[in-house]
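K.L.:
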Amino acid sequence: MGIVFRQSIKTSLVVFTGAFLGIIIMFLSTRFIDKQALGFTRDLTYKALVFSQFCILGLNSTMSVFIHKYQDVRKKLLLTFCILTPLLFAIMAVVPFYLLEPWVLHHFQPADIPFIQRYYMLIPAYMTLFILLVLLEQYLGTQMRVAVSSFMKEVVLRVVNIAIILLFAFGYVSLNFLIISTVLIYLIPIIIYIIIALRIDSFGFSFKFGAFSKSEYKELLHFSWYHFLLSLSITLMGYLDAIAIPLYDHSGFKSTAIYTTAVFFVSFMQMPSKAMMTPTITVLAQAVANADTAKAKDIFARSSINVLLATTFMAVMIICNIGNALVFMNNGYTQVGLIFLILFIGRYVDLATGLNDAILSITNYYKFSFYVSIIMIGILFALIRQLVPIYGVYGAAWSTSITLILFNICKYFFVWKKLDMQPFSMNTILVLIAGAVTLAAGYYFPNFLKGQGHMYIYTIADAAMRGGIIVAVYLAMLYWLKPSADLREYIASVKKNKRLF
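Okay, so the sequence shown: first residue is 1 according to UniProt numbering, each after it adds one.
(1) If you compare alpha carbons, which of L136, L28 and S52 is closest to M127?
(2) Does Y348 come out as helix, strand or coil in the three-state DSSP assignment?
(3) Determine whether the beta carbon atoms of Y248 and I342 lie at a separation below 8 angstroms.
(4) Have a look at F115 and W103 and give me their C-alpha separation to the nearest angstrom.
(5) What residue does the alpha helix (DSSP H) around Y412 start on, and which one ends it?
(6) How many angstroms separate the CA atom of F207 from the CA atom of Y217?
(7) Suppose you measure from the CA of T256 to the CA of S61; what does that come to, to the nearest Å?
(8) Helix, strand or coil: how does DSSP classify F212 here?
(9) Of all the alpha helix (DSSP H) runs that stay within the bounds of the segment 127-202, which reach a length of 4 or more residues?
(10) Express the C-alpha separation of G395 and V173 in angstroms, rounding to a whole number.
(11) Report the residue from A291, I433, T142 and F368 whose alpha carbon sits nearest the alpha carbon of L418.
(12) Identify, in the order they occur along the chain, each residue of the same chain with its Cβ nearer than 8 angstroms to the Cβ of residue 504, setting aside the five sequence neighbours on each side.
(13) Out of L87, P86, I67 and L88, which has the shortest C-alpha to C-alpha gap to L78?
(14) Ignoring anything shorter than 3 residues, give me the beta strand (DSSP E) runs that lie fully in the segment 55-128, in order along the chain.
(15) Return the residue from the list A382, K482, F413 and L475 that minimises the CA-CA distance to residue 562.
(16) CA-CA distance, F5 and Y193?
(17) Mind the definition here: the segment 195-202 touches the segment 164-184 only if three or more C-beta pairs lie below 8 angstroms; say whether that holds.
(18) Is A242 helix, strand or coil when you go by DSSP?
(19) Tell me which residues share the same chain as P446 and place their Cβ nearer than 7 angstroms to its Cβ, disregarding the 5 neighbours each side in the sequence.
(20) Report the CB separation of I305 from S484 in whole angstroms; it is logged as a contact under 8 angstroms.
(21) What is the DSSP secondary structure of P389, reduced to helix, strand or coil?
(22) Residues in its own chain within less than 8 angstroms of residue 505 by CB, not counting five upstream and five downstream?
(23) Considering only residues of the same chain and omitting the five flanking positions on each side of W416, which have a CB-CB separation below 6 angstroms?
(24) Would you decide whether T293 is buried or exposed? Buried here means 16 or more other CB atoms lie within 10 Å of its CB.
(25) Quick check on the DSSP output: the alpha helix (DSSP H) that includes K295 runs from which residue to which?
(26) Ignore the nearest five residues each way along the sequence and tell me which others in A296's own chain have a CB closer than 7 angstroms to its CB.
(27) Tell me whether F228 is buried or exposed, calling it buried when 16 or more other Cβ atoms sit within 10 Å of its Cβ.
(28) If you reduce the DSSP assignment to three classes, tell me which class G354 lands in.
(29) Given this structure, state the Cα-to-Cα distance separating V50 from L487, to the nearest angstrom.
(30) Return the CA-CA distance between T260 and I131, expressed in angstroms with no decimal places.
(31) Apply the 10 Å Cβ neighbour rule to V95 and answer buried if 16 or more other Cβ atoms are within range, or exposed otherwise.
(32) Just curious, the alpha helix (DSSP H) that G442 is in, first and last residue?
(33) What residue does the alpha helix (DSSP H) around I470 start on, and which one ends it?
(34) On the criterion of 16 or more Cβ atoms from any shown chain inside 10 Å, does I3 qualify as buried, or is it exposed?
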């Protein structure tokens, strides 16, 4: 578990750097890009991401779980299926995309149709890039190259994005260039991922199809099929609200811009989980494959606390500074704060219930998540269809939070009953106490500088002081309460070795 925690720390530093760059992108976007155009670019991204799941076919999960089972030719044959098959499906998807264009256009608001008409065929291209990105990143994760791949995606990609937005803001490039480059910049991390992968001896392709027996093919197909359905359903649960807004909200892409800005803030809460997830799943999968139940339970419990610990910190930091963030946006984004708080409820419950998705995906109970998620998608769509036309973006936010809470309650009790794994313990209460004390300290910290000097200057100064208080209080509470065994071991290691890693 130690290597997982160290790998997670390294990746978290990269992710947090990327988060800072993401903040810059968000502020520049809301300041310089028209709300309708911004909403369209985000809708384009979400659609490409969702459609990519149709082509990946769950093979990213198959790669993650089975890659340690095979060696030499068989491992390369597995990579052939997991990487080349989705690309083949992406190429085949171009034809139906083209034929369905008139039907798709019919469902959008009249003011938004020109955007869709002009850039419609960017979707399959964008989708293909997402496929490559996900598969290569998943492979590097199985080889414990998480920090390197995260750096390319979280830092390099965002630096390039910032440069493009600034060029647009100063009039050096057109909106057309901005939209197209939003898609093409994903080639940068993909190329780097390929270079890194080629340096790994076990990476490669094989077309010796006889290396697998019929029973092995059946096992792989069966596993991939259910994980395809599961990944697709979970992805739909995560993005259906944003995708549905331009269809059912009369403001169309303008509402999408507002809603997805709130979603951006919520995504910060997920960053620690993403940083920890890939190395943890790798070790957890190995423990399950070796039938080491005690080790699997230990990894599950400890990782759940670590995720909650990091998530709580991010949640407190955002809640206490959401007002400062809104200062840097145009007045048209005042709804973001309340939308964030509504979405926060569901997402915090999701992250607080531990690695239920991970453990279900690598055991024989992965079908359960699929069946429940299908029901939840139906509930989510029904809520969106009823609430969005009446309450707009707030209706979408409540629809998402209600569905997430129901979904995680079902998974929590199932994992507890079938696998006897429990993410909650006395340490959970200690983390919540630390978070509550820190929230009070950060929220009620007085704004000494309000009205003094330039608005942006005192806002940044207040955010820095408020953030400093949050960090100091939270670290002090964690040092006192010691809720995480991995954190205690890490602190002891730093004291002994006089270095962070």
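Note that the Cβ used here is the ideal one computed from N, Cα and C, for glycine as well.
P.N.:
On the basis of the data shown:
(1) S52
(2) helix
(3) no
(4) 15 angstroms
(5) Y412: member of the alpha helix (DSSP H) spanning V393 to L419, first to last residue.
(6) A direct Cα-Cα distance of roughly 14 angstroms separates F207 from Y217.
(7) Distance between the alpha carbons of T256 and S61 is about 30 angstroms.
(8) coil
(9) 146-151, 157-169, 175-184 and 187-198
(10) Approximately 37 angstroms, taken between the alpha carbons.
(11) The sequence given here places Lys at residue 418; Leu does not occur at that position. Residue F368 is the option with its Cα nearest to K418.
(12) Residue 504 is absent from the structure shown; the chain starts at 1 and stops at 501.
(13) I67
(14) none
(15) The shown model of the chain, from 1 to 501, leaves out residue 562, and the question about it has no answer.
(16) Low confidence applies to F5: its pLDDT is 48, below 50, so where it sits in the model is not reliable enough to give any reading.
(17) no
(18) helix
(19) none
(20) 5 angstroms
(21) helix
(22) Because the chain spans 1 through 501 in this model, residue 505 falls outside it and cannot be assessed.
(23) Q422
(24) With fewer than 16 other Cβ atoms inside 10 Å of its own Cβ, T293 counts as exposed.
(25) Element bounds for K295: T293 to V327.
(26) L284, A287 and V288
(27) buried
(28) coil
(29) 36 angstroms
(30) 22 angstroms
(31) V95 should be labelled exposed.
(32) Residue range M426 to Y443 is occupied by the alpha helix (DSSP H) that includes G442.
(33) Residue range M455 to L481 is occupied by the alpha helix (DSSP H) that includes I470.
(34) Low confidence applies to I3: its pLDDT is 46, below 50, so where it sits in the model is not reliable, and the reading given next is rough at best. Classification of I3: exposed, given that the 10 Å Cβ count is below 16.
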